[in-house]
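Enquirer: Take this structure first; my questions come after.
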Amino acid sequence: MNIDMVIGGFSLTCLGEREQLSPVIRPSEQDLYRLLEYMRDRTGVLTIRNNFADESGPYQLSLYSQDNNYLLLLSEFDIEGEHNVRTPNNDNASGNCIDILGEMHSDKTLVQNFDFIYRVFKEFFNTGNVSKELLN
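Shown next as structure tokens:
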């Protein structure tokens, strides 16, 4: 599926300095895993964008990472052109807010299981979408 996908992002050093990742155009699955593994223990953002996406439907998957808390955001347009974002939903979480890159997010939308992150990114990489069972 990765006909015209691009992966890019940045991480923050312990001093708060931004380290830009070089964009990877038409990435391989190995590129995807390498970049995800790079972000695993870092603070930052990793995004994969489908430049070949239809006018409606998903076009971008982003990972926000800080202190081993991960926020996944699947951006999509509906058939009327409205922008929607799908996230994981953890009903077992407390509902407390956690700081991710300076913004507060409910822990119900955060993930700590990196295998889940791999699964979601691989599905988007292979299909251009993520099932609503994973992100709703």
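Position 121 of the sequence shown, counted from 1, bears residue number 102 in the working numbering, the numbering being contiguous throughout.
Even for Gly, the Cβ is constructed at its ideal location relative to N, Cα and C.
A quick note: this is a predicted structure, and the numbers were derived from the prediction, not measured.
1) Could you check whether D88 and I98 sit closer than 9 Å to each other, using their CB atoms as the reference points?
2) What is the DSSP secondary structure of V119, reduced to helix, strand or coil?
3) With a CB to CB cut of under 6 Å and the five nearest residues on each side skipped, what residues in its chain are close to N110?
4) Just confirm the distance between the C-beta atoms of R7 and M(-14), as a whole number of angstroms; I'd bet it's less than 8 Å.
5) Apply the 10 Å Cβ neighbour rule to T90 and answer buried if 16 or more other Cβ atoms are within range, or exposed otherwise.
6) Kindly indicate the opening and closing residues of the beta strand (DSSP E) around R67.
Expert: Taking the structure as given:
1) Stepping through the sequence shown from its first residue, residue 98 is reached at position 117. Stepping through the sequence shown from its first residue, residue 88 is reached at position 107. Contact flag unset, no.
2) Past the edges of the chain, shown from -18 to 117, lies residue 119, and the structure says nothing about it.
3) Here the question's residue 110 lines up with position 129 in the sequence shown. Excluding sequence neighbours, N110 sits near P39.
4) The sequence position of residue 7 within the sequence shown is 26, counting from 1. The sequence position of residue -14 within the sequence shown is 5, counting from 1. That belief holds up - the Cβ atoms of R7 and M(-14) are roughly 7 Å apart, short of 8 Å.
5) As a position in the sequence shown, residue 90 is number 109, starting the count at 1. Buried is the call here.
6) On the sequence shown, residue 67 is found 86 positions in, with the first residue counted as 1. Here the beta strand (DSSP E) through R67 covers 64 to 67.
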